[in-house]
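In what follows, a single structure is set out as structure tokens and then discussed.
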Amino acid sequence: MELQQDLGTKKRAMCQPKGPDADTDAGAQDLSDLGWSHFRQFRDTKVLGDLDQAVGCFSRAVALIPGGHPDLAERLTSLGVSCIDRFRRLGALADLEKSIEYKSRALALTPNSHPYMSDRLTSLGVSYIDRYQRMGDVDYLEKSIDCFPRALSLTPDSHPYMSDRLASLGACYTDRHRHMGELDDLDKADSRALALTPGDHPDMSRRLASLGVSYTNRHRHMGELDDLDKADSRALALTPDGHPDMSRRLADLVVPYSDRYRRMGDLGDLEKSIDYFSRALALTPDGHPDMTNRLGDLGISYTDRYRRMGDADDLERSIDYKSRALALIPNGHPDMSHRLGDLGTSYTDRYWRMSDANDLEKPIECFSRVLASTPAGHPDISHRLASLVVCVRVASRNERNEIRHHFV
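Under the working numbering, the residues of the sequence shown are numbered 121 to 528, in order.
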């Protein structure tokens with residue numbers, strides 16, 4: 121109610137007659153104040169119209185003041201922040217690009233000694249992360265990594281946002297490790313942010329989850345079992361039912377259980393990975409960017425259980441999930457050969473189980489497509505060629521047996 125009254129007061133003020141400076145300083149300040157009222161109301165009510173009004177007010181405020189005006193950096197920052205919120209709500213790439221443009225211009229106008237320098241570096245770094253996650257361009261990841269250490273160097277340990285900035289930098293290093301495989305990046309994605317996060321902080325579960333992912337990645341690089349044990353389930357326990365991050369928490373927790381099963385062979389770890397994958401998938405909407413991975417990885421877990429327990433239902437489930445994952449991958453995607461190989465392996469398993477010639481034709485098709493998309497010199501080319509050769513030899517032997525049987 122107070123926000124609505126404040127908004128009404130500012131709108132009435134905007135309608136009052138203004139003096140000769142109405143198109144410059146005073147008008148820009150009024151528009152900025154009105155924009156912030158709309159923006160706060162959007163944050164409170166989540167009504168998109170308020171966000172659109174905020175963007176409009178901030179845009180007009182920027183347009184009203186000249187290039188050398190002392191308030192220009194602040195106005196540009198406000199506009200950039202509102203654009204990134206609209207991008208996260210609607211997903212329009214133009215809003216993301218505008219956010220980066222406005223925040224970059226604001227930063228260029230901010231001297232190193234300015235009290236808001238660290239805030240503006242952080243804000244621009246966050247937009248770079250969003251750009252990297254949307255488009256996969258590693259240059260933007262590098263730009264975000266450039267912003268966050270500079271922001272941290274200007275942030276005292278007692279600052280209320282220190283843990284937030286450490287967490288953002290740690291997430292960037294983890295993403296770069298996934299892209300580049302540098303172990304140093306995992307060591308940088310450490311637990312300092314978690315140590316500075318109070319137990320009742322709303323981001324505690326997210327930071328626990330991020331640290332768990334870092335430990336899992338380090339295990340895959342170094343093979344240390346202790347790292348898997350550290351990637352625990354505390355983040356999941358702190359995530360309430362219905363939370364938008366629940367599916368991601370579940371999917372992240374699967375990885376250490378799957379890896380530990382392959383390392384130690386404990387069937388309980390495999391059962392937990394299937395349970396968490398199934399729950400994560402049930403919470404993943406159609407069109408979600410992680411849908412392909414969750415379908416494919418659940419299929420792999422069912423393959424592992426089929427090979428351990430011999431239940432034909434698990435084999436059928438693995439084929440179903442892997443087929444659905446493959447159907448979502450566009451031609452030319454780097455994961456195409458990996459998913460084709462996984463599906464071909466399950467069809468091969470079904471052939472050995474059922475001796476159905478149709479099941480042999482399917483892995484031959486899969487492995488042929490895999491081989492066609494594998495560049496010369498790829499480390500997996502010999503394995504993929506061997507898989508195809510085995511299937512072709514079995515098919516050839518079956519054909520000879522059929523011919524021999526026909527003439528007997």
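Each residue gets a CB set at the ideal place from its N, CA and C atoms; glycine is no exception.
It should be emphasised that the depicted structure is a prediction, and the values quoted were computed from it without experimental measurement.
Contacting residues, own chain, Cβ-Cβ under 8 Å from residue i (five flanking each side not counted)
i: C267; result: L241, T242, L244, G245, Y248
i: L196; result: V182, Y222, K223, R225, A226, L229
i: A212; result: R206
i: I449; result: T412, D455, M456, R459
i: S486; result: Checking the sequence, you will find Cys at residue 486 rather than Ser. Answer for C486: L460, G461, L463, G464, Y467, listed in chain order.
Residue closest to residue i, alpha-carbon to alpha-carbon, out of the options
i: Y260; options: G464, S224, D150; result: S224
i: P409; options: D469, S367, G155; result: S367
i: S238; options: Q173, Y422, R270; result: R270
i: P376; options: F397, D361, G362, P364; result: F397
i: G416; options: D424, L446, D170, L171; result: L446
i: D250; options: P231, R209, F178, H234; result: R209
i: K166; options: L192, S202, L151, S378; result: S202
i: C177; options: Q253, M456, D150; result: D150
i: G188; options: R160, M255, D145, R437; result: D145
i: N451; options: S157, S493, T468; result: S493
Extent of the continuous alpha helix (DSSP H) run through residue i
i: L373; result: 366-384
i: P235; result: Premise fails: P235 is in no alpha helix (DSSP H) and is neither H nor E.
i: H453; result: It is not in any alpha helix (DSSP H) - H453 carries neither H nor E in the DSSP assignment.
i: A181; result: 168-184
i: P269; result: 258-273
i: S398; result: 387-402
i: L199; result: 192-210
i: I145; result: The amino acid at residue 145 is misidentified as Ile; the sequence shows Asp. 145-165 is the span of the alpha helix (DSSP H), which, as asked, contains D145.
i: T412; result: 411-429
Same chain, Cβ closer than 6 Å to residue i, neighbours up to 5 away in sequence not counted
i: D349; result: Caution applies to D349, whose pLDDT of 47 falls short of 50 and renders its modelled position unreliable; the model cannot decide the point.
i: R489; result: L460
i: I204; result: S219, S247
i: R399; result: L370
i: D389; result: Y377, R380, Y381
i: R180; result: L151
C-alpha gap between residue i and residue j, whole angstroms
i: D305; j: P186; result: In this prediction, D305 has a pLDDT of 47, which is less than 50 and means its spatial position is unreliable; nothing more can be read from the coordinates.
i: S475; j: G430; result: 15 Å
i: A133; j: H234; result: Low per-residue confidence applies at A133: pLDDT is 44, beneath 50, and the placement is therefore not dependable, though the value from the model is reported in the following sentence. So the alpha carbons of these two residues sit roughly 31 Å apart.
i: G200; j: S152; result: 13 Å
i: D372; j: I439; result: 23 Å
i: L216; j: R470; result: 47 Å
i: V374; j: S421; result: 10 Å
i: D170; j: S443; result: 43 Å
i: S330; j: L480; result: Only weak support exists for where S330 lies, its pLDDT of 49 falling under 50; the value from the coordinates is given anyway. Whole-angstrom Cα-Cα distance: 42 Å.
i: N478; j: P364; result: 42 Å
i: I394; j: D462; result: 17 Å
i: K263; j: P276; result: 22 Å
i: G407; j: D386; result: 34 Å
i: E436; j: L491; result: 25 Å
Whole-Å CB distance - residue i paired with residue j, under 8 Å assumed
i: G419; j: Y441; result: 3 Å
i: L184; j: A148; result: 4 Å
Same chain, Cβ closer than 7 Å to residue i, neighbours up to 5 away in sequence not counted
i: A193; result: A226, L229, T230
i: D434; result: Y422, R425, Y426
The ligand ADP heavy atom lying under 7 Å from the CB of residue i
i: L415; result: No copy of the ligand ADP occurs in the structure displayed, which carries no ligand at all.
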